[in-house]
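Top line first, the protein sequences correspond to chains S and E. Just add 42 to the spot in the first sequence (first one is 1) and you have the numbering used here. Just add 91 to the spot in the second sequence (first one is 1) and you have the numbering used here. We put the beta carbon where it would ideally sit given N, CA and C, even for glycine. For reference, the structure is listed below as structure tokens.
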Amino acid sequence: MYQYDNYDQTLVNERVAQFRGQVRRYLDGKLSDEEFRQLRLRNGLYYQLHAYMFRIAVPYGLLSSRQMRTLAHCARTYDRGYGHFTTRQNIQFNWPELEDVPKIMEELAAVQMHAIQTSGNVVRNVTADQYAGVAADELEDPRPYCEILRQWSTLHPEFCWLPRKFKIGVTGAAEDRAAIRLHDIGLELVRGEDGEVGFRVFVGGGMGRTPIVGKVVREFLEKRHLLTYVEAVLRVYNQLGRRDDNNKARIKILVRSLGVKRFRKLVEEEWELSRDDGLELTAAEIKRMQGFFAPPDYQSPGNGAAEVEQQIAADPSFARWVKRNTLSHKVSGYRIAVISAKAPGAPPGDLTDGQMDGVADLADQFSFGQLRSTHEQNLVLADVAEGSLHALWEGLKALELATPNIGTLNDMICCPGLDFCSLAKASTIPVAARINEKFSDLDYLYDLGELKLKMSGCMNGCGHHSVGHLGLLGVDKKGSEWYQVILGGSAANDAALGTRIGPAIALDDVADVIEKILILYVDVREEGERFVDTVRRTGIAPFKERVYADHPKSKG
Amino acid sequence: MQIIRNQKVEEDAWRHVSDGDPLAEGSVTVSLKRWLEERDTLIAHGGSLGVRLAPADELGEILADLPHISLIVLEFPAITEGRGYTQARLLRTRHGYSGEIRATGDVQHDQLSFMQRCGIDSFVIREDRDIEEALDAFGEVSVRYQPAADDETLIFHRREQG
Numbered sequence: 043m044y045q046y047d048n049y050d051q052t053l054v055n056e057r058v059a060q061f062r063g064q065v066r067r068y069l070d071g072k073l074s075d076e077e078f079r080q081l082r083l084r085n086g087l088y089y090q091l092h093a094y095m096f097r098i099a100v101p102y103g104l105l106s107s108r109q110m111r112t113l114a115h116c117a118r119t120y121d122r123g124y125g126h127f128t129t130r131q132n133i134q135f136n137w138p139e140l141e142d143v144p145k146i147m148e149e150l151a152a153v154q155m156h157a158i159q160t161s162g163n164v165v166r167n168v169t170a171d172q173y174a175g176v177a178a179d180e181l182e183d184p185r186p187y188c189e190i191l192r193q194w195s196t197l198h199p200e201f202c203w204l205p206r207k208f209k210i211g212v213t214g215a216a217e218d219r220a221a222i223r224l225h226d227i228g229l230e231l232v233r234g235e236d237g238e239v240g241f242r243v244f245v246g247g248g249m250g251r252t253p254i255v256g257k258v259v260r261e262f263l264e265k266r267h268l269l270t271y272v273e274a275v276l277r278v279y280n281q282l283g284r285r286d287d288n289n290k291a292r293i294k295i296l297v298r299s300l301g302v303k304r305f306r307k308l309v310e311e312e313w314e315l316s317r318d319d320g321l322e323l324t325a326a327e328i329k330r331m332q333g334f335f336a337p338p339d340y341q342s343p344g345n346g347a348a349e350v351e352q353q354i355a356a357d358p359s360f361a362r363w364v365k366r367n368t369l370s371h372k373v374s375g376y377r378i379a380v381i382s383a384k385a386p387g388a389p390p391g392d393l394t395d396g397q398m399d400g401v402a403d404l405a406d407q408f409s410f411g412q413l414r415s416t417h418e419q420n421l422v423l424a425d426v427a428e429g430s431l432h433a434l435w436e437g438l439k440a441l442e443l444a445t446p447n448i449g450t451l452n453d454m455i456c457c458p459g460l461d462f463c464s465l466a467k468a469s470t471i472p473v474a475a476r477i478n479e480k481f482s483d484l485d486y487l488y489d490l491g492e493l494k495l496k497m498s499g500c501m502n503g504c505g506h507h508s509v510g511h512l513g514l515l516g517v518d519k520k521g522s523e524w525y526q527v528i529l530g531g532s533a534a535n536d537a538a539l540g541t542r543i544g545p546a547i548a549l550d551d552v553a554d555v556i557e558k559i560l561i562l563y564v565d566v567r568e569e570g571e572r573f574v575d576t577v578r579r580t581g582i583a584p585f586k587e588r589v590y591a592d593h594p595k596s597k598g
Numbered sequence: 092m093q094i095i096r097n098q099k100v101e102e103d104a105w106r107h108v109s110d111g112d113p114l115a116e117g118s119v120t121v122s123l124k125r126w127l128e129e130r131d132t133l134i135a136h137g138g139s140l141g142v143r144l145a146p147a148d149e150l151g152e153i154l155a156d157l158p159h160i161s162l163i164v165l166e167f168p169a170i171t172e173g174r175g176y177t178q179a180r181l182l183r184t185r186h187g188y189s190g191e192i193r194a195t196g197d198v199q200h201d202q203l204s205f206m207q208r209c210g211i212d213s214f215v216i217r218e219d220r221d222i223e224e225a226l227d228a229f230g231e232v233s234v235r236y237q238p239a240a241d242d243e244t245l246i247f248h249r250r251e252q253g
């Protein structure tokens, strides 16, 4: 993984000292609440319902075991013993004291981490395919480009006060696991007509209150022009994006109002004037960055495969975990293991300090000391030898992180909701718990197949509800919590926005309504048809009919 | 009025004339609107001339007149206003403007180093803020990953060059 040099280390150290000064000026009354807010947000520090919330960057989701242990230490020392992994692959602590935050930053800097630009109207943490570098369907590892983008965007003097936040996602695989079509800029590594690898560039996608699927702004961008082109997009946006209304300030609104053709023309004109301004990458620079992400020292498989076959045959629960929570690896003899942070009863994406230490140890033992966080709020050990799977599973079971539910209904994306977030209109964690409780029969979940449930506690959509196969959006109606049900969305290659089926459902009825929807799905699906494909085939009408047929409690 | 100019506190030598007011002697700034309306009179005025630009003003309006303009004042009505950074950078790097560029409005400590990197070289610090303390802003973060209107090099080039 990327290792800081003297430049990187100096930057984060100086940034910590700068923030310490800002805290001091705030406490001395030399900065107003609003002024300090702008500064602390740019260092990941929010003020939520009850307390500060501190969001730490995990660049493109990659963590070393040492970094994970530092996160565990911070959770234990400065928080209440847990952390929450987010849909931007970052981690949040919910209870730090303001006075401790510079100290936490120092602890992070000591292991090459920071919280720079995890909030505020700036370029945010660049996200990537969680299986980057190990997926069999990958053309090229996206992470070197993510790191290049991370450095270019860090404290970029021209773009530190954008109209609104700006998110970039990158993938190099055939299957889009990074939701790049729902980013301000999405980058897909593709092979051009002459065989050279470059980027297809999407722009203007996003979730939130106006979800929009991104459009292709450039079919092929040479790698050397990654930064020159992205900078041209940012410059057009910085000048023309709306600043009069926060809800209309994202680039997606600008692209929609200009139309992608006109937007493309503006970017190309700007690019023509600025592409020689010193941002062109050389082949040597790209190669140097790729060196940081070189494959680890894979061993020849030995008889790991035979061993694991025996263990699978001998133990059905191990077999279930292997089937559900591990994926094929590009190197024979290895598998990708997904650590489910969706145990029944636990808030989705939360890990305790003990679990963090535990997975760090497992990463050292079984996966070259590295971990990944995913936008679906799980963790990944990317390089596990088949012969080690059983031992890993035992280790995860002891940590209560071996629930074999990846890709099922219970593997849901869920924002923190009313329990933690000052924007939320409805709770999400208790609803998730009820859904988990209702659908606890694993065989039933497996029979349902791939089903992406995504839940947000308000229309800002941190839980990605608009692109869930089944989305839930919490709304407030006269002080009580109701949920809109949205069907047929997707964040993958077939990216689409779901459709709301009708009036919102009361909190107490959500799990029952999901059950009705699923019973109908099982009745009408064709052989092997995923839930989302059935919804697309039948439309929402039959589901709507079933849900509201005898549902007097629903209201508009 | 005191300002920061080239990282030092000094007295402002300019008069900033409102649209309805008569022109003063010496160095004066006017709004873009007035510049466009009274361009010839202004050029004949004899003193140094400056133009004040709002965030939405187009640079194209003054490009041909840059040789007559010694000061461009960029307005930042709020700390969150970001267009002036692009205006400054383009004036320096694309249009070769070498006169003074000044930031005014909601301008204080924590924007200064970013503004400076975009080519802004003087600052009207908000009145209720400590101008001397704001001088500390320039050295806080010494590492620059990307070029702007300063002579910085993209970090990847710098590493290759050793």
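query: Along chain E, which residues have their Cβ under 8 Å away from the Cβ of N167 of chain S?
result: Within chain E, no residue comes near N167 of chain S; the closest Cβ sits about 15 Å away, beyond 8 Å.
message: Short of 8 Å Cβ to Cβ, which residues in the stretch 229 to 243 of chain E face chain S?
response: E231, V232, S233, V234, R235, Y236, Q237, P238 and A239
query: Do A152 of chain S and V212 of chain S have their C-beta atoms within less than 8 Å of each other?
result: no
- prompt: CB-CB under 6 Å to K597 of chain S, same chain, minus the five flanking residues each way: which ones, in chain order?
  reply: Reliability of the predicted coordinates at K597 of chain S is poor, the pLDDT of 47 falling under 50, and no value is obtained from them.
- prompt: Going by alpha carbons, who is nearest to M155 of chain S out of S:G449, S:N85 and S:V164?
  reply: S:N85
query: If you measure from the beta carbon of I192 of chain E to each beta carbon in chain S, is any gap under 8 Å?
result: no
message: Just checking: is the beta-carbon of C188 of chain S within a distance shorter than 8 Å of some beta-carbon in chain E?
response: no
task: For A239 of chain E, collect the residues of the same chain with a Cβ closer than 7 Å to its Cβ; drop the 5 residues on either side in sequence, then sort them by chain order.
output: R180, R208 and C209
message: Just checking: is the beta-carbon of T160 of chain S within a distance shorter than 8 Å of some beta-carbon in chain E?
response: no
task: Please list the segments of the beta strand (DSSP E) lying wholly inside the stretch 104 to 152 of chain S, counting only runs of 3 or more residues, in order along the chain.
output: 104 to 106, 124 to 127 and 133 to 135
- prompt: Going by the beta-carbon positions, is the gap between L413 of chain S and A405 of chain S smaller than 8 Å?
  reply: yes
- prompt: Do you know how far the Cα of P253 of chain S is from the Cα of L296 of chain S?
  reply: 13 Å
message: Threshold first: 3 residues or longer. Then list the beta strand (DSSP E) segments lying entirely within the stretch 209 to 244 of chain E, N to C.
response: none
field: Sequence-distant residues of the same chain with beta carbon closer than 7 Å to R578 of chain S, five excluded per side
entry: G530
message: Assuming I471 of chain S is part of the alpha helix (DSSP H), what are its boundary residues?
response: I471 to K480
Proximal residues of chain E, C-beta to C-beta of T52 of chain S below 8 Å: S233 and V234
- request: Please classify K494 of chain S: is it buried, with 16 or more other beta-carbons within 10 angstroms of its beta-carbon, or exposed?
  value: buried
message: For the alpha helix (DSSP H) containing I134 of chain E, name the first residue and the last one.
response: L123 to A135
message: Less than 8 Å between CB atoms is the rule here; does G173 of chain E satisfy it with respect to chain S?
response: yes
Contact with chain S by T184 of chain E, beta-carbon distance below 8 Å: yes
task: Return the Cβ separation of I477 of chain S and A388 of chain S in integer angstroms, given the expectation that the two are a contact with Cβ distance under 8 Å.
output: Actually they are not in contact, since the Cβ atoms of I477 of chain S and A388 of chain S sit about 13 Å apart, beyond 8 Å.
message: Quick check on DSSP: helix, strand or coil for W524 of chain S?
response: strand
task: Identify every run of the alpha helix (DSSP H) within the stretch 66 to 99 of chain S, keeping only runs that are complete inside it and at least 4 residues long; order them along the chain.
output: 75 to 83
query: Can you list the residues of chain E that R206 of chain S reaches, using a CB-CB cut of under 9 Å?
result: None at all; the shortest Cβ gap to chain E is about 10 Å.
- prompt: Who are the Cβ neighbours of A474 of chain S in its own chain at under 8 Å, not counting the five residues just before and after it?
  reply: P389, P390, M454, C456 and M497
field: Straight-line Cα distance separating R217 of chain E from G141 of chain E
entry: 20 Å
field: Residue environment, G71 of chain S, which counts as buried when at least 16 other CB atoms sit within 10 Å
entry: exposed
field: Interface partners of Y188 of chain E on chain S, CB under 8 Å
entry: Correct list: empty, because the minimum Cβ distance to chain S is about 15 Å.
task: Flag E251 of chain E as yes if its beta-carbon sits less than 8 Å from any beta-carbon of chain S, otherwise no.
output: yes
- prompt: Per DSSP, what kind of secondary structure is Q202 of chain E in: helix, strand or coil?
  reply: helix
message: Distance check for R233 of chain S and A602 of chain S, CA to CA, integer angstroms please.
response: Chain S is shown from 43 up to 598; residue 602 of chain S falls before or after that span and cannot be answered.
query: T132 of chain E touches chain S at which residues, Cβ-Cβ below 7 Å?
result: The contacting residues do not exist; T132 of chain E stays about 31 Å from chain S at best.
- prompt: Apart from the five residues just before and just after L182 of chain E, which ones in its own chain have a Cβ nearer than 7 Å to its Cβ?
  reply: L150, I163, Y188, I192 and G210
- request: Check Y376 of chain S in the structure and name its three-state DSSP category.
  value: strand
- prompt: Looking at the structure shown, is K597 of chain S part of a helix, part of a strand, or coil, going by DSSP?
  reply: Caution applies to K597 of chain S, whose pLDDT of 47 falls short of 50 and renders its modelled position unreliable; the value that the coordinates give is listed next. It is a strand residue.
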